[in-house]
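Residue numbers (my numbering), protein chains in the order written: chain A, 36 to 308; chain B, 36 to 308; chain C, 36 to 308. To start, the structure under review is shown below, and the notes come after it.
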């Protein structure tokens, strides 16, 4: 079992874990994050008593900030137990797991961070502090980690296109109206709401929960691995285009001028690149 | 033609019927309810002038309360005209009928009661008095009457999972935001709104309505009978598990202590079992 | 290249066009409108630099009013480049185009006007001035231009049935809640919002946008041409029924009494026919 350096697992009980992401300074998703998430999914699958797992963040301004594009070339793609590349392997296993996964979002969830939340079963978010974005198109690439497959099912084609092509930030209430998340809650209530929900279902019958999820998965037609694979391949290829490097350089100069505000209002600044 | 003991059919006109459910004390759905609903669907199909049918309740606190699990072993499963077991037969025939069906919900619609509403074409509900729930998972079983197939299409996978696995009550406004119902209306406006809608379409051309519904059904991919059958079979099997009997006994002791409030706030009390 | 008589194309830049509909007195859609829209789609496809096109109206009370049923017999059906009849050809080409299309709706969008908006990728509308309707069923026909295929995917089966069978007008905020449009905006903000969005994406990388749209289209399962064809055929056949002529005569007498208000509140008056 590999050690975790970016995540802390807190066992609230045998049936209920909290997994907290902490990758200073801004919770960027990098190749190590992906490998650790895959390790965590393995531990979830291996636990015979686990019913529900909540993913949250140690940083109040960033849930999972975004993928570190400068390291996209190092993206792990070794086939996992499903035979699929790492990220697709871990997200589809999470989706198919008999354990219920919940993203409790405070701070920014962008790019692969939003896509990880989309692979969780449920998503709750702070009205005041959560923001969502798929900024890839503004960087000259496309979302390669599942947003293209999962957003249209939750938000419909038109809203998914607005999100993905507009590449802007969405506050939590708009994200709720668009179907991106289950619901937006006042920041002061988010933790209690999620904890109450998790403790409630942790007491329910494990068979009933896993059977319900299995049957919903069948009816809700989860994305096909081939579709996810085509998007990931398109992303990894697009990253290598010279236009992307050029846009990256321009973004960097905007970022230098904007300082810390750049990552806080990424959607805004990408409109200036 | 069998007699109806739990339902009253009021012919507002040849084109517009109201079907009122009345099964004191709390409008439980039991095996007889299912057989009478099947009879009603037969009458709907047999009427050559009917355009729209509204289902409502004689009890202001209960629309269709929930399935009487203590009689689950008596669930009728004789194949209907479609060749499918009773409940699946009647709900898919309602969905495919050229007549438009409307659930006008005042009071609780839980379990099979929610699932009957989901098989109607349209759902309107009272903001103050309507509540929705799929409490099955809290009882150790799963929704076997169509919620698993129909909710993900209306609410998306994430909200459907929250509803089904959380097994809690939803007020009408949240049910509207989640896609469970078409819209929530102030209690004082509900009857007039539904009546106005029904009278409006009752005057329209019957061919245009049935052709529109046929074409929408084709595009909206109604659930496959095999999927509905798998869920019903899973439910009928799950009901026989010893864990379910044990949870039932614990629920009964909570119910004794709670009194009449138990059925009014079922979602709340199931969290204490 | 045919001349345009009902539309003006304004090139805000090589990457961003505005196409304004102006067919006095009330922006009825007629056979010429369809042919000109097909010509416009051809120009959109032919432009190598175009990224985004916004469709709006010169008339503050009518976006695209509705189809002129009195000329339904002249509906052009010559196969376009896709081999499909004119309207299906142009709407599916718009949907598949690498260019992003936006309907900016002020005034009424009814019937084929709503269906054209539904074939655009994104829809934004004025809270005070935009209204949506599919009035066909009230006229004894059915929506034959894509609403039956596209509305259920955006709004779900139940809301799509309410819209299509009820044949009433929906204000922009209800249309937003129903998924008909991306979002409703205060009238004073609509133009700036749409212009800001269009200018933003016009600066993005064309490859990234078209690749994102291609991949979303794949995941969002756009309607099959055969389904669109079946609905159009059903519409063109239904128009010839004697009941439709009779309802048309009755509608005309209501219209004469109502004056200009008839087209402004079409949904209301169709309830009196």
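Glycine residues also receive a C-beta, built at the ideal position from the N, C-alpha and C atoms. These numbers were taken from a predicted model, which means no experiment stands behind them.
- Message: At the level of alpha carbons, what is the spacing between residue 281 of chain B and residue 305 of chain B?
- Response: Within the second chain, the letter at position 246 stands for residue 281 of chain B. Within the second chain, the letter at position 270 stands for residue 305 of chain B. Their backbone Cα atoms lie some 13 angstroms apart in a straight line.
- For residue 123 of chain A, which residues of its own chain have a beta-carbon under 7 angstroms away from its beta-carbon, when the five flanking residues on both sides are left out? Taking the first residue of the first chain as 1, we reach residue 123 of chain A at position 88. Within the same chain, and ignoring the five residues on either side of residue 123 of chain A in sequence, the residues whose Cβ sits closer than 7 angstroms to its Cβ are 260, 263, 264, 267.
- Beta carbon proximity, residue 254 of chain C to chain A, threshold 7 angstroms: Residue mapping note: residue 254 of chain C aligns to position 219 of the third chain, counting from 1. Under the Cβ criterion of 7 angstroms, residue 254 of chain C is counted among the residues facing chain A.
- Item | Alpha-carbon spacing of residue 302 of chain C relative to residue 91 of chain C, whole angstroms | For the purposes of this step, residue 302 of chain C is taken as the residue at position 267 of the third chain. For the purposes of this step, residue 91 of chain C is taken as the residue at position 56 of the third chain. Approximately 22 angstroms between the Cα atoms of the pair.
- Task: Look at the alpha carbon of residue 135 of chain C and the alpha carbon of residue 251 of chain B, and state the distance between them as a whole number of angstroms.
- Result: Sequence index remark: in the third chain, residue 135 of chain C carries index 100 (1-based). Sequence index remark: in the second chain, residue 251 of chain B carries index 216 (1-based). The C-alpha of residue 251 of chain B is placed about 27 angstroms away from the C-alpha of residue 135 of chain C.
- Query: Out of B:77, B:96, B:86, which has the shortest C-alpha to C-alpha gap to residue 121 of chain B?
  - Reply: In the second chain, counting from the first residue as 1, residue 121 of chain B sits at position 86. It is B:77.
- Message: Please tell me whether residue 109 of chain C has its Cβ less than 7 angstroms away from any Cβ of chain A.
- Response: In the third chain, counting from the first residue as 1, residue 109 of chain C sits at position 74. Not an interface residue.
- Rounded straight-line distance, which links the Cα of residue 229 of chain B to that of residue 80 of chain B: On the second chain, residue 80 of chain B is found 45 positions in, with the first residue counted as 1. On the second chain, residue 229 of chain B is found 194 positions in, with the first residue counted as 1. Residue 80 of chain B and residue 229 of chain B have their C-alpha atoms roughly 21 angstroms apart.
- Task: Closer than 7 angstroms by C-beta to residue 142 of chain A: which residues in its own chain qualify, once you throw out the five before and the five after it? Chain order, please.
- Result: The residue given as residue 142 of chain A occupies position 107 in the first chain. Contacts found: 92, 94, 95, 96, 97, 98, 164, 165.
- Is DSSP giving residue 82 of chain A helix, strand or coil here? Within the first chain, numbered from 1, the residue matching residue 82 of chain A stands at position 47. Coil at residue 82 of chain A, not helix or strand.
- Message: Using only the alpha-carbon positions, how far apart do residue 231 of chain B and residue 227 of chain C sit?
- Response: For the purposes of this step, residue 231 of chain B is identified with residue 196 of the second chain, where counting begins at 1. For the purposes of this step, residue 227 of chain C is identified with residue 192 of the third chain, where counting begins at 1. The alpha-carbon of residue 231 of chain B is positioned some 39 angstroms away from that of residue 227 of chain C.
- Please check the pair residue 238 of chain B and residue 214 of chain B, which I expect to be a contact at CB under 8 angstroms, by giving their CB distance rounded to whole angstroms. Start at 1 with the first residue of the second chain, and residue 238 of chain B comes out as number 203. Start at 1 with the first residue of the second chain, and residue 214 of chain B comes out as number 179. So it is not a contact: roughly 29 angstroms between Cβ atoms.
- Short Cβ contact (7 angstroms threshold) for residue 169 of chain A with residue 199 of chain A: Within the first chain, numbered from 1, the residue matching residue 169 of chain A stands at position 134. Within the first chain, numbered from 1, the residue matching residue 199 of chain A stands at position 164. Residue 199 of chain A sits close to residue 169 of chain A, with the two beta carbons spaced by under 7 angstroms.
- In the region 122-149 of chain B, which residues sit with their C-beta less than 8 angstroms from some C-beta in chain C, listed in chain order? Those would be 135, in chain order.
- Message: Could you compute how far the alpha carbon of residue 128 of chain B sits from the alpha carbon of residue 152 of chain B?
- Response: Counting from 1 along the second chain, the entry for residue 128 of chain B is found at position 93. Counting from 1 along the second chain, the entry for residue 152 of chain B is found at position 117. A direct Cα-Cα distance of roughly 14 angstroms separates residue 128 of chain B from residue 152 of chain B.
- Query: Relative to the C-alpha of residue 113 of chain B, which residue among B:289, B:248, B:66 is closest?
  - Reply: Stepping through the second chain from its first residue, residue 113 of chain B is reached at position 78. Minimum Cα distance to residue 113 of chain B is reached at B:66.
- Task: Taking only beta-carbon positions, decide if residue 162 of chain B is within less than 7 angstroms of chain A.
- Result: Stepping through the second chain from its first residue, residue 162 of chain B is reached at position 127. Output row for residue 162 of chain B: interface = no.
- Task: Note down, in chain order, each residue of its chain lying with its Cβ closer than 8 angstroms to the Cβ of residue 137 of chain B, except the 5 sequence neighbours on either side.
- Result: Residue numbering aside, residue 137 of chain B sits at position 102 when the second chain is read from its first letter. Closer than 8 angstroms at Cβ, skipping near neighbours: 87, 88, 89, 90, 155, 156, 157, 158, 159, 229, 232, 233.
- Task: Could you tell me the distance, in whole angstroms, from the CA atom of residue 277 of chain A to the CA atom of residue 270 of chain A?
- Result: Here residue 277 of chain A corresponds to residue number 242 of the first chain, with the count starting at 1. Here residue 270 of chain A corresponds to residue number 235 of the first chain, with the count starting at 1. Going from the Cα of residue 277 of chain A to the Cα of residue 270 of chain A covers about 14 angstroms.
- Task: Please report how far the alpha carbon of residue 61 of chain A lies from the alpha carbon of residue 148 of chain A, in whole angstroms.
- Result: Here residue 61 of chain A refers to the residue found at position 26 of the first chain. Here residue 148 of chain A refers to the residue found at position 113 of the first chain. In a straight line, the C-alpha of residue 61 of chain A is about 12 angstroms away from that of residue 148 of chain A.
- Figure out for me which residue from C:52, C:59, C:126 has the closest Cα to the Cα of residue 70 of chain C. Mapped onto the third chain, residue 70 of chain C falls at position 35. Checked all of C:52, C:59, C:126; the closest Cα to residue 70 of chain C is C:126.
- Which chain A residues are close to residue 236 of chain C, counting only those with a beta carbon under 7 angstroms from its beta carbon? Here residue 236 of chain C refers to the residue found at position 201 when the third chain is read from its first residue. Residues of chain A passing the Cβ test: 200, 201.
- Task: Could you have a look at residue 220 of chain C and say whether DSSP puts it in helix, strand or coil?
- Result: Stepping through the third chain from its first residue, residue 220 of chain C is reached at position 185. Here residue 220 of chain C sits in strand by DSSP.
- Does DSSP put residue 54 of chain C in a helix, in a strand, or in coil? Along the third chain, read from residue 1 onward, the residue named residue 54 of chain C stands at position 19. If DSSP states are grouped into helix, strand and coil, residue 54 of chain C belongs with the strands.
- Message: Check for me: the beta strand (DSSP E) holding residue 283 of chain B runs from which residue to which?
- Response: On the second chain, residue 283 of chain B is found 248 positions in, with the first residue counted as 1. Bounds of any beta strand (DSSP E) do not take in residue 283 of chain B; it lies within the alpha helix (DSSP H) bounded by 277-293.
- Query: Would you report the Cα separation of residue 42 of chain B and residue 235 of chain A, rounded to the nearest angstrom?
  - Reply: The residue you call residue 42 of chain B lines up with position 7 of the second chain. The residue you call residue 235 of chain A lines up with position 200 of the first chain. About 36 angstroms.
- Message: Quick check on the burial criterion: 16 or more other C-beta atoms within 10 angstroms. Buried or exposed for residue 187 of chain C?
- Response: For the purposes of this step, residue 187 of chain C is taken as residue 152 along the third chain, with counting starting at 1. Per the 10 Å Cβ criterion, buried.
- Item | Sequence-distant residues of its chain with Cβ nearer than 6 angstroms to residue 179 of chain B (five each side left out) | Position 144 of the second chain holds residue 179 of chain B. Once the five neighbours on either side are set aside, the close Cβ partners of residue 179 of chain B are 266, 267, 270.
- Task: Within its chain, find whatever has a CB closer than 6 angstroms to the CB of residue 139 of chain C; leave out the 5 residues flanking it on each side and keep chain order.
- Result: As a working mapping, residue 139 of chain C is identified with position 104 in the third chain. Excluding sequence neighbours, residue 139 of chain C sits near 89, 91, 159, 229.
- Task: To the nearest angstrom, report how far apart residue 296 of chain B and residue 177 of chain C are at their CA atoms.
- Result: Reading the second chain from its first residue, position 261 is the one you call residue 296 of chain B. Reading the third chain from its first residue, position 142 is the one you call residue 177 of chain C. Just so you know, the alpha carbons of residue 296 of chain B and residue 177 of chain C end up roughly 48 angstroms apart.
- Query: Alpha carbon to alpha carbon, how far is residue 291 of chain C from residue 59 of chain C?
  - Reply: Taking the third chain and counting its residues from 1, one reaches residue 291 of chain C at position 256. Taking the third chain and counting its residues from 1, one reaches residue 59 of chain C at position 24. Rounded to whole angstroms, the separation of the alpha carbons of residue 59 of chain C and residue 291 of chain C is 19 angstroms.
- Message: Taking 7 angstroms as the threshold (C-beta atoms), are residue 279 of chain A and residue 175 of chain A in contact?
- Response: Walking along the first chain from the start, residue 175 of chain A turns up at place 140. Walking along the first chain from the start, residue 279 of chain A turns up at place 244. In contact: residue 175 of chain A and residue 279 of chain A (Cβ atoms closer than 7 angstroms).
- Query: Rounded to a whole number of angstroms, what is the C-alpha to C-alpha distance between residue 102 of chain B and residue 145 of chain B?
  - Reply: Your numbering for residue 102 of chain B matches position 67 in the second chain. Your numbering for residue 145 of chain B matches position 110 in the second chain. Taking the CA atoms as reference points, residue 102 of chain B sits about 8 angstroms from residue 145 of chain B.
- Query: If you check the beta carbons only, do residue 274 of chain A and residue 107 of chain A fall under 7 angstroms apart?
  - Reply: Stepping through the first chain from its first residue, residue 274 of chain A is reached at position 239. Stepping through the first chain from its first residue, residue 107 of chain A is reached at position 72. A contact, by the Cβ cut-off of 7 angstroms.
- Item | Nearest residue (CA-CA) to residue 49 of chain C, options C:84, C:38, C:63, C:57 | As a position in the third chain, residue 49 of chain C is number 14, starting the count at 1. Closest in C-alpha terms to residue 49 of chain C, from the list C:84, C:38, C:63, C:57, comes C:84.
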